[in-house]
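Take a look at the structure below.
There are 2 protein chains.
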Amino acid sequence: MELWYTEKQTERFGITAKIKETLHTEQTEFQKLDMIDTEEFGKMLVLDGMVMTTEVDEFVYHEMVAHVPLFTHPHPKNVLVVGGGDGGVIREVLKHPSVEKATLVEIDGKVIEYSKKYLPTIAGALDDARVDVQVDDGFMHIAKAENEYDVIMVDSTEPVGPAAKLFEKGFYEGISKALKEDGIFVAQTDNPWFHKELISKVHSDVKEIFPITRLYTANIPTYPSGLWTFTIGSKKHDPLQVEESRFHEIETKYYTKELHKACFALPKFVADLVK
Amino acid sequence: MELWYTEKQTERFGITAKIKETLHTEQTEFQKLDMIDTEEFGKMLVLDGMVMTTEVDEFVYHEMVAHVPLFTHPHPKNVLVVGGGDGGVIREVLKHPSVEKATLVEIDGKVIEYSKKYLPTIAGALDDARVDVQVDDGFMHIAKAENEYDVIMVDSTEPVGPAAKLFEKGFYEGISKALKEDGIFVAQTDNPWFHKELISKVHSDVKEIFPITRLYTANIPTYPSGLWTFTIGSKKHDPLQVEESRFHEIETKYYTKELHKACFALPKFVADLVK
C-alpha cells in the first residue's frame, strides 16, 4: 500500500508527498494536528491541513525568521517569539550570544508537546535555561507588554483559524508598544504568488506604524509556491544598513551575511506589491 | 468530474494541479508532449511528464535565462538558444536592442508547433524577423559552430532523454569553441534540493573550461522545489561586475538590475555545492 499526503495549497494546486506512516493525529483545542513521516522531507508537522515544518527543509524558515532581525539589531538581549511552538526559531535565536532571554508564547500546548516528542532536532532548544515557554495567547501577551523586547518574531500559522488576528493592524500596534525604543519585529507573511493582497495589506499597515518597513524572501520547498515572504518593521535599525563588523560567525545552512542583504532584492512583481 | 495533473518530481514528492482539459497529447519523435489547461497556472506544456512552462509563471525562467547573460555582455549581437522551442527565451532576447540575430535550435519541431498554437504569448516572438528557427540537434549545431556567438543559452529539458548530452563536459567545450573570444553562456541546471550532484558536476566541468563560472537562482513555483539554478560560463565578462550604465530600461516581471546581482547570493547549502 502506498500512502500519499496531498495538500491543496490553493483550491486548484497542491503538493503530494509519499509517507511512511502517520505518527499522531489529534483535534486540539485550537486546530487539527497531524504528525506524519514522509519519505522525501522526513517528519512533517501539519496544522489544519497545512505543512508547518519538516525535518529536511525547516532550517530555511527558522534561520531566515531569526537571523535577519537579530543581526539587524546591534545587541538583542530580550527576544519574544509568538507562535513557533515547534521550537525551530528559538533554536536559531539561541545561537546569538547577546540573547539573555527568549520567551516563546504558543497558544497550543499540543504543538510543543508533539514537536518535542517527534521533532527533537527542532524542538530540543526549548529546554534551554534561557528559554521561557508560555502556553498562552500571543495576541494577549503582546497587548499586556510594554517597552520590553528588543526583537519580536511572529511565527504564526496562516491568516485563518487561531492566527487570523496576528495579521491585523491592531496587533502590529501592540507589537510596537511591546518593543523597546529601538526594537524590531518580523512576521511571516505568506507567498506572493497566491496571496498578493495579504502581503500588500500587511506592508501598508506596518508602514503606518514603523519608520522602517521591509519585505524579504526565502525559498521553502514545502510551502506554497516555494517562495516565502517576511515583513520587518523596525523603529530604528535598518536591515540594509548593518555594519560588516556586526556579523559574527554562526552555524547555518541557508542564511549568510551576503543573503542578509540579497534577500531584500525582490522580484519585480513582488516589489510592486509593496510600492 | 475533477481532473488533476499530478507530477512526481521525485519518486516521493510531487505537485498536483486541477485541469480544465487536455488540449493535446502526442508521442513525438523525441518525447511525450502534453499540453494541458490548468486552473491555477493557465496553459501548461509538459514534456516526458515534466512541466516545462506555464502561462502564469513562465516569465521567471525566461527572463532569468536571458537577461542575466545579456546584461553581462556589453554588446550582444549574435545570440543562440539551444532548446527553448516554446519561444519564451527568444521573446526576452529580442528586448535587447543590440541583438541583431537570434538563432533557435530546437530538436523537436512539435514543441515549436504546439507552443505557437497554444502558447502564443510565449511563442509569438518566434516569427520576428531577427529570429532564425532551426529544427535541429543542438549538440551537433554547437559542434559545427566556431567563434560565432556572443551569448549562448541552453534552455534544455532535464538531463534524461533527448537532453542528456547537453549536460556533458564535451558539450561545454563545444560551447566555448562556438562562442566569440568574449562570449558567455548560461544553462539551466535544475534544483539544489533534489539534484545536488548535477549542480556540483556541471559547475566543476564548466569551471575547467571558462575562467568565470557562477551559479544563480530564481523561484519557479511549478518546478521541483521552487528553487531553480542557472550556471554561467564566461570568457571575459563577469556578471557581478556589470557597470551601472549598462542596464537599460526593459519591461520585466521578475528580473531587476538589483536582482541581477542578488540572485548570485546563494543559500549556504547551495554555495557549498560549488565550492
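Residue numbers (the working numbering), protein chains in the order written: chain U, 1 to 275; chain E, 1001 to 1275. Even for Gly, the Cβ is constructed at its ideal location relative to N, Cα and C.
Please identify the residue among the options whose C-alpha is closest to the C-alpha of residue i.
i, options, result
"U:Tyr149", "U:Ile184, U:Leu119, U:Lys165 and U:Asp128", "U:Ile184"
"E:His1062", "E:Leu1215, E:Lys1253 and E:Gln1134", "E:Lys1253"
"U:Leu47", "U:Ala129, U:Val151 and U:Ser156", "U:Ser156"
"E:Phe1041", "E:Lys1235, E:Thr1222 and E:Thr1231", "E:Thr1222"
"U:Lys165", "U:Val82, U:Arg130 and U:Val89", "U:Val82"
"E:Tyr1118", "E:Asp1127, E:Phe1171, E:Leu1094 and E:Glu1055", "E:Glu1055"
"U:Asp108", "U:Glu92, U:Gly87, U:Val93 and U:Ile152", "U:Gly87"
"E:Lys1095", "E:Phe1264, E:Thr1189, E:Leu1126 and E:Thr1038", "E:Leu1126"
"E:Leu997", "E:Met1050, E:Ala1145, E:Met1001 and E:Val1060", "Any question about residue 997 of chain E goes unanswered here, given that chain E covers just 1001 to 1275."
"U:Leu266", "E:Pro1224, E:Thr1217 and E:Glu1244", "E:Thr1217"
"E:His1248", "E:Glu1026, E:Val1068, E:Glu1011 and E:Lys1043", "E:Val1068"
"U:Lys240", "U:Gly226, U:Thr229 and U:Ala262", "Residue identity differs from the one stated: residue 240 of chain U is Leu in this sequence, not Lys. Here the closest residue by C-alpha is U:Ala262."
"E:Phe1167", "E:Ser1176, E:Thr1189 and E:Lys1180", "E:Thr1189"
"U:Val242", "U:Thr229, U:Glu258 and U:Leu227", "U:Glu258"
"E:Trp1220", "E:Gly1014, E:Glu1011 and E:Asp1057", "A small fix is needed here, since residue 1220 of chain E is Ile in this sequence, not Trp. Comparing Cα positions, the closest option is E:Asp1057."
"E:Asp1136", "E:Gly1084, E:Phe1194, E:Phe1013 and E:Lys1201", "E:Gly1084"
"E:Val1131", "E:Ser1176, E:Thr1103 and E:Arg1012", "E:Thr1103"
"E:Glu1039", "U:Thr10, U:Tyr114 and U:Ile209", "U:Thr10"
"E:Thr1006", "E:His1024, E:Met1044 and E:Ile1250", "E:Met1044"
"E:Ile1112", "E:Lys1018, E:Phe1264, E:Thr1028 and E:Tyr1255", "E:Thr1028"
"E:Lys1110", "E:Leu1023, E:Leu1033 and E:Ile1250", "E:Leu1033"
"E:Glu1244", "E:Glu1002, E:Asp1182, E:Met1050 and E:Phe1071", "E:Phe1071"
"U:Lys169", "U:Glu181, U:Glu208, U:Arg91 and U:Glu92", "U:Glu208"
"E:Thr1016", "E:His1024, E:Thr1025, E:Ile1036 and E:Leu1023", "E:Ile1036"
"E:Leu1198", "E:Gly1138, E:Phe1264, E:His1073 and E:Thr1229", "E:Thr1229"
Would you identify the three-state DSSP class for residue i, choosing helix, strand or coil?
i, result
"E:Ile1212", "strand"
"E:Glu1021", "strand"
"E:Ser1176", "helix"
"U:Ile142", "helix"
"U:Val131", "strand"
"U:Val99", "coil"
"U:Val105", "strand"
"U:Phe194", "coil"
"U:Gly14", "strand"
"E:Thr1072", "helix"
"E:Ala1163", "helix"
"U:Thr121", "helix"
"U:Glu158", "coil"
"U:Glu244", "helix"
"E:Ala1265", "coil"
"E:Glu1029", "coil"
Kindly indicate the opening and closing residues of the alpha helix (DSSP H) around residue i.
i, result
"U:Glu55", "That residue, U:Glu55, is in no alpha helix (DSSP H); it is neither H nor E in DSSP."
"E:Val1082", "Taken as a continuous stretch (DSSP letters only), E:Val1082 belongs to no alpha helix (DSSP H), being part of the beta strand (DSSP E) at Asn1078 to Gly1083."
"U:Ala262", "Lys257 to Ala262"
"U:Lys268", "Lys268 to Ala271"
"E:Glu1092", "Gly1088 to Val1093"
Counting contacts by CB-CB distance shorter than 8 angstroms, is residue i in contact with chain C?
i, result
"U:Tyr61", "Looking at the structure shown, chain C is missing, and the protein chains on hand are U and E."
Starting from residue i, follow the beta strand (DSSP E) in both directions and report where the run begins and ends.
i, result
"E:Gly1042", "Gly1042 to Leu1047"
"U:Leu316", "Lying outside 1 to 275, the shown extent of chain U, residue 316 of chain U is not represented and no answer is given."
"E:Lys1032", "Lys1032 to Thr1038"
"E:Glu1007", "Leu1003 to Lys1008"
"E:Phe1230", "Leu1227 to Ser1234"
"U:Tyr118", "Element bounds for U:Tyr118: not the beta strand (DSSP E) but the alpha helix (DSSP H), Gly109 to Tyr118."
"E:Asp1155", "Tyr1149 to Asp1155"
In chain order, what residues of the same chain lie with their CB nearer than 8 angstroms to the CB of residue i, ignoring the 5 residues before and after it?
i, result
"U:Lys77", "Ser98, Val99, Glu100, Lys101 and Asp150"
"E:Trp1193", "Pro1224, Ser1225 and Leu1227"
For residue i, I'd like the list of residues in its chain whose CB is within less than 6 angstroms of its CB, leaving aside the five on either flank, ordered along the chain.
i, result
"E:Gln1134", "Val1105"
"U:Met153", "Val65, Val81, Val89 and Val186"
Under 7 angstroms Cβ to Cβ from residue i, same chain only, skipping five residues before and after it: list those, please.
i, result
"U:Lys116", "Ala123 and Leu126"
"U:Gln31", "Leu47, Asp48, Asp108, Gly161 and Pro162"
"E:Val1206", "Tyr1172, Thr1213, Thr1231 and Gly1233"
"E:Ala1178", "Ile1142, Ala1145, Glu1146, Glu1148, Tyr1149 and Ile1152"
"E:Lys1196", "Leu1273"
"U:Lys8", "Gly14"
"U:Phe59", "Lys253 and Tyr254"
- Query: Of all the residues that make up the region 227 to 259 of chain U, which are near chain E by a beta-carbon distance shorter than 8 angstroms?
  - Reply: Correct list: Leu227, Thr252, Lys253, Tyr254, Tyr255, Thr256, Glu258 and Leu259.
- Task: Note down, in chain order, all residues in the region 208 to 229 of chain U with a beta-carbon under 7 angstroms from any beta-carbon belonging to chain E.
- Result: Residues Asn219, Pro221, Ser225, Gly226 and Leu227.
- Going along the region 2 to 16 of chain U in order, which residues come within less than 7 angstroms of chain E, judged by CB to CB distance? With the criterion set as a beta carbon lying under 7 angstroms from some beta carbon of chain E, the members of the region 2 to 16 of chain U are Thr6, Thr10, Arg12, Phe13, Gly14, Ile15 and Thr16, in sequence order.
- Cβ-based contacts, 7 angstroms cut-off: residues of the region 1180 to 1198 of chain E near chain U: Those would be Trp1193, in chain order.
- Query: Closer than 9 angstroms, Cβ to any Cβ of chain U: which residues of the region 1023 to 1044 of chain E, in chain order?
  - Reply: Listed by position along the chain: Thr1038, Glu1039, Glu1040 and Phe1041.
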